[in-house]
Every structure is written in C-alpha cells, then in structure tokens.
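**Student:** The listed protein sequences derive, respectively, from chains A and B. The opening residue of the first sequence carries number 1 in our numbering; numbering runs sequentially from there. The opening residue of the second sequence carries number 1001 in our numbering; numbering runs sequentially from there. Even glycine gets a Cβ: it sits at the ideal position worked out from N, Cα and C.
Protein chains: 2
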Amino acid sequence: MTYSQAVLSGDRLALTRLLTQVENNVPEGREALIELFPYTGKAHLIGVTGSPGTGKSSLVNQLALYYRKSHEKRVAIIAVDPSSPFTGGAVLGDRVRMRDLSGDTGVFIRSMATRGSLGGLAQSTANMAQVFDAAGYDVIIIETVGAGQSEVDVARLAHTTLVVEAPGLGDDIQAIKAGILEIADILVINKADRAGVENTERALKSMLDLAHPTEHVFQHHGQSMRTVAPVQDSFSAPMWIPPIQKTVATEGKGIAELAESIGRHVAHLTHSGDWSLREKNRLEVELDALIRETLVNQFMEEVSQQQYDDAVQRIIQRKISPWEAAKSLMNGRLK
Amino acid sequence: MTYSQAVLSGDRLALTRLLTQVENNVPEGREALIELFPYTGKAHLIGVTGSPGTGKSSLVNQLALYYRKSHEKRVAIIAVDPSSPFTGGAVLGDRVRMRDLSGDTGVFIRSMATRGSLGGLAQSTANMAQVFDAAGYDVIIIETVGAGQSEVDVARLAHTTLVVEAPGLGDDIQAIKAGILEIADILVINKADRAGVENTERALKSMLDLAHPTEHVFQHHGQSMRTVAPVQDSFSAPMWIPPIQKTVATEGKGIAELAESIGRHVAHLTHSGDWSLREKNRLEVELDALIRETLVNQFMEEVSQQQYDDAVQRIIQRKISPWEAAKSLMNGRLK
C-alpha cells in the first residue's frame, strides 16, 4: 500500500510521513499529490492572519475545538511562520497548543517554517492543504504570522480569510494596515476585554468604509443626490462586507458567533458563485507555480554552470546589464 | 537627450519620470536600466525594517538628515509598503516626512506600494535603487514595513540591514521574531526613552546569543571546560555580531552613534570581502528574476489561452492534477 492509499484509509502515521515528503518536495511527495488530487476539493480552507500579539494561535485553537465539539468536524491546522528560518516560536507554540487538542484524532496540527522562497512556502502550504483535504479533513485552518505578501498568498489559498487585530498594539498610522483589510472576509478583534477595544473597532470601521464605500453620488437634474445603494462588484452579487467579530479566545468568548459568521461567509460564497471562482483562482495559481518551476528546471539543465557564472562575472564587472545577460543566456540555450 | 542621459546629468524631473517608468516596468524603463547599469555599484544600500509602531519612518528621516548635514551625502529613500494595494499609509507618511526634508535637492523620497507579486516588488525596488545609484545618490535607504519574506528580500538587496524594535509592542512569544534577527546587521531599539526598554534590550540580547553563540563547551580530560572563542563562519572572518543601538528618533537622539555603527559595518564588509559577496548575491538574484520572467513570457507566447484554459478546466473537474497539466502544457509547447 502506498502512503497515499494509507492516507485515504485514515492512517495517521502515513499522513505525518506524507506531509514531510510533501513539505520537502521529494519525488514521492509529488507522486502522492498526483494520486490524491482526485479526492480533493471538499474541504473548507480558512486563512487566519494578523500581527504578532493578537492572539491568533489561541483563536485558532478555540475555533478548532469548537468545530470538533459542536459540529464534529475533522480539523487540520497548518501553522506557517514565514519570518523564521529557525522554528523556535512555532515549536513553542505547538507545545502550548497540544495541551488542549492532543489525543483527539480528529485534529491534526502541523507547523511549517520557511526555508526557501515565498513562492515555495505558498506552494508547500497549498500542497499540504491538498493532502489534508484528500485525507478527509473538513476544515483546514491555515495560520500565518506577520503582514505582507504571505498573507495575500494565504488569502488566495483560503476560501475564507480572517484578519485578527487586538486593542492597544500601536497607535501610529501604520498600525492598522489598509492592505491587509482588502484580503479580509471577516475581521476579528481578539482580546476584546482589553482597554481600547472601542478605538480598535472604530478604526477598523473607518478603514472598512474606505475600502467598501456603500454611498454613491448621482448627478440628477443638475443637483447632487446622495443615495445609499448596495455595491455590486463585477464578480459577485450581492457584495460581501466583512463583519467585525469580537472574541476573547483565552476564555472561549465569541467563538460560536465567529463560527456562525464563517458559516454565513460560506453560504455567501456558494450562492454568489465566488466559491468556484476562488477554487479556480487557487488552482490557476498552483498551475502557474508548477509551470514556472518546470521552466526554470529545464533552463538550468540546458545552461551550464560555467555559462551562468561567466554571465554573473560580466555583470559584476558592469560589462553587461543583468537584462542583456538574461537574454544572451536564453539565446545560447535556444541555439 | 534620453531620460537616462538626463538622469546622469542630474535632472530631477527626468529622475522622477524614469522612476515611474521603472516602477511600471514599461519598455522605456527597461532600456534606461540597461543604459544606466554601467554607472551603478557605488551607492551604499541600507535596508530598514521592523514592525509597525517602531517609528521606522522617523528614524529613516533622521538618518537621512544626518547623512546630509554631517557628511554632505546625497540620500535617496525608497519607502516600500508590501501590505498595501492602496497607498494610504505611505502617502500620509510622505507628507509627514516632507516637512523635514523638502526643498533639499540632495534628498529624494519615493514611496512604493505593492501591486503585483512579491517577486515583482523586490525587483522593482532593486531597479529603483539602480536608478538612484547611477544618478549619484551615495546612500539609498530602503524602508519596508512588516515582518516576512519582503524583509528577507530587502536584506538580500541591502549592504547593511537595520532591524528596528521598540519597547512595549507586545509580550507574547511571537513579539520578537527570531527569523528577523537573522537578517539584521544592526539592531535598533527606537523610542528608547519609553518604559520597558531594558526588557526589550534583554530580549534582543538573548535572541542574539541564540543566533550567534560565542561560547563553546570543550570536553577536556573528562571535565567540561567552558571557554570563550570568536566564531568564524565559512564566508567572513571575523564574524560580525549585530550591535544594539538605542535611539529616540523624534528627538534625534542616538542617530550619530547609529551612523557610526553603520560606518563600522561598511568597514567590516569591505575588509572581510562580504561587500563583494553581497554585490554578487544581489546581482545573481536579479539575473535569476529576469531569467524567470523571460522564460514565463516565452511560454505564454507559445501556449495559447485556449490550451491553458482547457488545462485549468480539466484540473477543476479533477480529471488531471496541476502537475500533470503543467507537464502536458510544457510538452505541447516542445512539440
């Protein structure tokens, strides 16, 4: 029996081993992904992101517990730490988590630290999610730390993206990042028992108003007529306006309400056709990454190390620009 | 006269226009980069990164002012906000900055928001830095917000990377990220007049000890003998241990000392040979990005939209895996 067959039959040890193969991008992992692919497409992928200090991990734990206990769903957590070549934080985080969730075979937690490029990280995460999906996990929570491109990549991967904030994390103009709101399907204010929660909520609301203006000004008979109209974007109707959910994850407060909100988002995705659209986007991103990888591997086979090193030397000496070097290496290959 | 000739002769308006062309990656920008490349390689690239709320922008302003006034250097600032598709924060930040630095032709500030992929952002930043370098700016400060892959990319681009922290930004295990320390050449504790500065310094020191252990334990005659030895890594000797500099940027405190520390790092890079090594790495990263881009463009010309869309449809229907689709598109192209 191959690992992928064992995974399909529910073998937890085989799953662990296969995840490692997939993370390390070894040929066996590749083969298994091809075998498992027909069994994917059933899981709900939830991305959870936000700054350090917002209590994301506790929130993810509580959400996983909730889905286990109240909905009897099987839950996988992929904790991605894109800032870390060494995995200190993630490992410590895992230990803290295990206390609540260990022993439950319906929950699987996996940490990932970045080693290579970000492209590699997003692809590894997508591949791991596929394995969990094929293995019958109903909900796959992908948690990332930080604020940047990795979050956008998570958003592309997930059906539903939660952006977590917390009161009192900083009051300067950069503290709440506009860009991160664009990827949020649901905003969570965790640690909502802390002072300053009103300020955080107000700030988020005004950012939301900026990002999702619902008021339109129509010119009518020479007069400006202000009217409130629901906004329709080109892809989905009606548009989803990210709700703000308040939680105190350490006490389990607001978790059921958050899960309900997530449920409403799934219903919205399904009715609007956005679910299929997100699936399509996700699979296209994956296909593109694989095409890129294959192209580069092919190029590297066809251009010798010597040719490449020579080109680099000529660039360093400012004899040719990187552009000219790239072109000449490509042409050499085509001859 | 082309834009690049005008830029070389010190035309500020031409510089502004060329930067836009380069940022938008239009053919004129490409041509100019090739023309300007022989004039590059002289500037000192300083990366500045850290979490929101650390006061990075004020620090960068003060550092720029210091280099202008005390060393009469020409300074360019590239402010990159990888979290933002819309540029709210960056634009507001710019206005705040302009008060101190406007009117000085020896200083040029340019903001950049992410639009496309991260690869694109890193490449745009590198290209802009090349334009400033050719235009005779002695110091180019590249400022990024957030903690993630973009910071690692900045580190690859810069000769000297400052990681900025501030007291009281969060006390959980993720607050000071181990990975970000790995890219730091100099650690800055800004807002060092705030309460909790000792805790921040202690935390950074213990992280540094983890990342750069200088004590080795030798077994000697059956006894453990603890001895302090300088660590040598395979590339540089002696190794650079990131110093911790304390600043209060809003009051200009600690800026001269920080600049001195940066000067020592430049001397270290030069003596150890690391300057050339970093230049080489940087140019290789750029060459690789250009090769990838050219390969993908070539592929897209050779594979029809119809072929690509068919492949995506078959993936969505789970008839073939993304891997098989990538292979079949590549093979179709090679026939």
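In whole angstroms, what separates the C-alpha of Asn1024(B) from that of Ile1034(B)?
**Tutor:** Looking up residue 1024(B) in the second sequence gives position 24. Looking up residue 1034(B) in the second sequence gives position 34. Each residue's Cα considered, the two are about 16 Å apart.
**Student:** Could you check if Leu1013(B) is buried or exposed, using at least 16 other CB atoms within 10 Å of its CB as the buried criterion?
**Tutor:** As a position in the second sequence, residue 1013(B) is number 13, starting the count at 1. Flag for Leu1013(B) reads exposed.
**Student:** Kindly say whether Ser9(A), judged by its beta-carbon, lies nearer than 8 Å to any beta-carbon of chain B.
**Tutor:** Taking the first residue of the first sequence as 1, we reach residue 9(A) at position 9. No - not a single Cβ of chain B is within 8 Å of the one on Ser9(A).
**Student:** Give a yes or no on whether 8 Å exceeds the smallest Cβ distance from Ile315(A) to chain B.
**Tutor:** For the purposes of this step, residue 315(A) is taken as the residue at position 315 of the first sequence. Yes, Ile315(A) counts as interfacial toward chain B.
**Student:** Return the bridge partner residues of Arg110(A) from the DSSP annotation.
**Tutor:** Looking up residue 110(A) in the first sequence gives position 110. DSSP lists Ile78(A) as partners of Arg110(A).
**Student:** Residues in its own chain within less than 6 Å of Leu1015(B) by CB, not counting five upstream and five downstream?
**Tutor:** The sequence position of residue 1015(B) within the second sequence is 15, counting from 1. When the five nearest sequence neighbours on each side are left out, the beta carbons in the same chain lying within less than 6 Å of the beta carbon of Leu1015(B) are those of Val1007, Ala1135, in order along the chain.
**Student:** Is it a yes or a no for the segment 266 to 275 of chain A touching the segment 194 to 208 of chain A, going by three-plus beta-carbon pairs under 8 Å?
**Tutor:** no
**Student:** What is the DSSP secondary structure of Gly29(A), counted as helix, strand or coil?
**Tutor:** Taking the first sequence and counting its residues from 1, the one referred to as residue 29(A) is at position 29. If DSSP states are grouped into helix, strand and coil, Gly29(A) belongs with the helices.
**Student:** What does the Cβ neighbour count give for Ile340(A), buried or exposed, with the cut at 16 atoms within 10 Å?
**Tutor:** Examination of residue 340(A) is not possible in this model, given that chain A is present from 1 through 335 alone.
**Student:** Using CA coordinates, which residue listed in Glu1031(B), Arg1074(B), Asn1190(B) is at the minimum distance from Gly1254(B)?
**Tutor:** Taking the second sequence and counting its residues from 1, the one referred to as residue 1254(B) is at position 254. When only C-alpha atoms are compared, the closest one is Asn1190(B).
**Student:** Could you give the distance in angstroms between the alpha-carbon of Asp133(A) and the alpha-carbon of Tyr39(A)?
**Tutor:** Indexing the first sequence from 1 puts residue 133(A) at position 133. Indexing the first sequence from 1 puts residue 39(A) at position 39. Going by the C-alpha atoms only, they are around 8 Å apart.
**Student:** Which residues, taken in chain order from the segment 235 to 250 of chain A, show a beta carbon closer than 8 Å to some beta carbon of chain B?
**Tutor:** Against chain B - using a Cβ distance shorter than 8 Å - the segment 235 to 250 of chain A contributes no residues.
**Student:** Would DSSP call Gln1317(B) helix, strand or coil?
**Tutor:** As a position in the second sequence, residue 1317(B) is number 317, starting the count at 1. Coil at Gln1317(B), not helix or strand.
**Student:** Rounded to whole angstroms, what is the Cα-Cα separation between Glu1293(B) and Asp1138(B)?
**Tutor:** Position 293 of the second sequence holds residue 1293(B). Position 138 of the second sequence holds residue 1138(B). Near 30 Å, if we compare the C-alpha coordinates of Asp1138(B) and Glu1293(B).
**Student:** Under 9 Å, CB to CB, which of the residues in the segment 264 to 290 of chain A have a partner in chain B?
**Tutor:** Ser276, Glu279, Lys280, Leu283, Glu284, Glu286, Leu287, Asp288, Ala289, Leu290
**Student:** Roughly how many angstroms lie between the CA atoms of Glu1031(B) and Asn1127(B), to the nearest whole one?
**Tutor:** In the second sequence, counting from the first residue as 1, residue 1031(B) sits at position 31. In the second sequence, counting from the first residue as 1, residue 1127(B) sits at position 127. So the alpha carbons of these two residues sit roughly 12 Å apart.
**Student:** Hey, out of Val80(A), Gly41(A), Ser57(A), Thr105(A), whose CA is closest to Glu72(A)'s CA?
**Tutor:** Position 72 of the first sequence, counting from 1, holds the residue named residue 72(A). Taking only the C-alpha atoms, the option nearest Glu72(A) is Thr105(A).
**Student:** Rounding to the nearest angstrom, what Cα-Cα distance links Gln21(A) and Lys205(A) in this structure?
**Tutor:** Taking the first residue of the first sequence as 1, we reach residue 21(A) at position 21. Taking the first residue of the first sequence as 1, we reach residue 205(A) at position 205. So the two alpha carbons sit approximately 43 Å from each other.
**Student:** For Arg1318(B), count neighbouring Cβ atoms within 10 angstroms of its own Cβ and tell me buried if that reaches 16, exposed if not.
**Tutor:** For the purposes of this step, residue 1318(B) is taken as residue 318 along the second sequence, with counting starting at 1. Label assigned to Arg1318(B): exposed.
**Student:** Mapping the DSSP letters down to three states, classify Lys1375(B) as helix, strand or coil.
**Tutor:** Missing from the structure shown is residue 1375(B); chain B here goes from 1001 to 1335 and no further.
**Student:** Suppose the cutoff is 7 Å on Cβ atoms and the five residues either side in sequence are ignored; what does the same chain contact list for Arg1074(B) look like?
**Tutor:** Counting from 1 along the second sequence, the entry for residue 1074(B) is found at position 74. Closer than 7 Å at Cβ, skipping near neighbours: Gly1106, Gly1136, Tyr1137, Asp1138.
**Student:** Considering just the uninterrupted stretch of the alpha helix (DSSP H) at His1265(B), what are its terminal residues?
**Tutor:** Mapped onto the second sequence, residue 1265(B) falls at position 265. Its alpha helix (DSSP H) spans residues 1255 to 1272.
**Student:** Quick one: what does DSSP say Gly1047(B) is sitting in, helix, strand or coil?
**Tutor:** Stepping through the second sequence from its first residue, residue 1047(B) is reached at position 47. Note: Gly1047(B) maps to strand in three-state DSSP.
**Student:** Ignore the nearest five residues each way along the sequence and tell me which others in Ser1117(B)'s own chain have a CB closer than 6 Å to its CB.
**Tutor:** Residue 1117(B) sits at position 117 when you count from the first residue of the second sequence. At Ser1117(B) the pLDDT is 44, less than 50, meaning the model places this residue with poor confidence and gives no usable figure here.
**Student:** Which residues in chain B sit within 7 Å of Leu19(A), going by Cβ to Cβ distance?
**Tutor:** Against the first sequence, residue 19(A) aligns to sequence position 19. Ordered by position in chain B, no residue passes the 7 Å Cβ test against Leu19(A), which lies about 17 Å from the chain.
**Student:** Measuring only the C-alpha atoms, how far is Gly55(A) from Arg314(A)?
**Tutor:** Counted from its first residue, the first sequence places residue 55(A) at position 55. Counted from its first residue, the first sequence places residue 314(A) at position 314. When rounded, the distance between both Cα atoms is 50 Å.
**Student:** Once the 5 residues before and after Leu329(A) are set aside, which same chain residues still bring their CB inside 6 Å of it?
**Tutor:** Counting from one through the first sequence, the residue named residue 329(A) turns up at place 329. Same-chain partners within the cutoff: Val303, Ala311.
**Student:** Considering only the beta carbon of each residue, do Ile1183(B) and Val1152(B) sit closer than 8 Å?
**Tutor:** Along the second sequence, read from residue 1 onward, the residue named residue 1183(B) stands at position 183. Along the second sequence, read from residue 1 onward, the residue named residue 1152(B) stands at position 152. Result yes, Cβ atoms of Ile1183(B) and Val1152(B) sit closer than 8 Å.
**Student:** Look at the alpha carbon of Met112(A) and the alpha carbon of Glu251(A), and state the distance between them as a whole number of angstroms.
**Tutor:** Stepping through the first sequence from its first residue, residue 112(A) is reached at position 112. Stepping through the first sequence from its first residue, residue 251(A) is reached at position 251. If you take the alpha carbons of Met112(A) and Glu251(A), they lie about 27 Å apart.
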